[in-house]
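Numbering (the numbering used here), first residue to last: 1296 to 1529.
Ideal Cβ positions, reconstructed from N, Cα and C, are used throughout, including at glycine.
Predicted, not measured: the structure shown is a model, and the values here were computed from it.
Okay, so here's the structure we're looking at.
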């Protein structure tokens, strides 16, 4: 069973990176130099792909595809430390393989060195915010509407591509793998440590905030016992 879980994590993360990098290459090739169109193609493909991948592989491994998701679940004692460590190895390995697959599909060198610098305080803040929102989306859905998790995560990442200046990597495995592609999705190795630090800070903040926010059961208001502003005031 553990082997299936690890295979699902590696496969899902590889598939995710193939989608991210492949759609970036395709979007850039077909957009005629219009960065907005290329980003739209990249965002929609990634969000849609995430919905499918989480729906397909979630029942097998939980569909983390992200070391920070695995780490927070380990801290919550939802996954054993040994298995969590194995998940992370599978995620990083799968991510690198996925980049190579994307390059192979477009006839490019399988492993490249990214030259796209992604730097600055605004970009770092964006990665923290993006990761905070991603973990919050996952925790909230698991608390209130688990079946909606795949759709919620896909929609959130699609939106985060656009409302963050970093285009929402929000995942250390994705970040490391994307330094191996000199394409639209690439990030230079020099930018990777800052991204991972910001992502880790965002994940830690999400763990604390949503751990507190979602701890108590939501107030239930029945039709027979509605609480009105006037009664609350009294």
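Check                                                                                                                         : Outcome
Complete alpha helix (DSSP H) runs within the region 1458 to 1499 (minimum length 4 residues, chain order)                    : 1467 to 1473
Alpha-carbon spacing of residue 1442 relative to residue 1309, whole angstroms                                                : 23 Å
Within 9 Å, strictly: CB atoms of residue 1493 and residue 1428                                                               : no
Distance CB(residue 1370)-CB(residue 1340) smaller than 9 Å                                                                   : no
Buried versus exposed call for residue 1347 [16 or more other C-beta atoms within 10 Å across all chains shown]               : exposed
Where the alpha helix (DSSP H) containing residue 1403 begins and where it ends                                               : Residue 1403 -> no alpha helix (DSSP H), and no H or E assigned at all.
Three CB pairs or more closer than 8 Å across the region 1460 to 1478 and the region 1397 to 1414                             : yes
Member of 1483, 1377, 1437 and 1461 whose CA lies at the smallest distance from the CA of residue 1510                        : 1437
Euclidean distance between Cα positions of residue 1372 and residue 1378                                                      : 11 Å
Residues of its chain near residue 1327, where Cβ-Cβ distance is below 8 Å and the 5 sequence neighbours each way are ignored : none
Whole-Å CB distance - residue 1465 paired with residue 1393, under 8 Å assumed                                                : Their Cβ separation, rounded to whole angstroms, is 16 Å, which puts residue 1465 and residue 1393 out of contact at 8 Å.
Expected contact under 8 Å - CB spacing of residue 1448 and residue 1497 to nearest Å                                         : Going by Cβ atoms, the distance from residue 1448 to residue 1497 rounds to 15 Å, so no, they are not a contact pair.
Nearest to residue 1381 (by Cα), restricted to the options 1489, 1298 and 1482                                                : 1298
Local conformation of residue 1509 per DSSP, three classes                                                                    : coil
Bounding residues of the alpha helix (DSSP H) (the contiguous stretch that carries residue 1337)                              : 1330 to 1356
Contact check, residue 1361 vs residue 1469, beta carbons under 9 Å                                                           : yes
Residue range of the unbroken alpha helix (DSSP H) whose run includes residue 1438                                            : 1416 to 1439
Cα-Cα separation between residue 1331 and residue 1301, rounded to whole angstroms                                            : 36 Å
Proximity below 9 Å, CB of residue 1417 to CB of residue 1460                                                                 : yes
Minimum C-alpha distance to residue 1430 - residue among 1463, 1318 and 1356                                                  : 1463
Residue 1421 to residue 1495 span [Cα, whole Å]                                                                               : 12 Å
Pick from 1303, 1296, 1304 and 1318 that is closest to residue 1481, judged by C-alpha positions                              : 1318
Nonlocal neighbours in the same chain, by C-beta distance under 6 Å from residue 1456, ignoring five residues either side     : 1338, 1462 and 1463
Expected contact under 8 Å - CB spacing of residue 1336 and residue 1321 to nearest Å                                         : 7 Å
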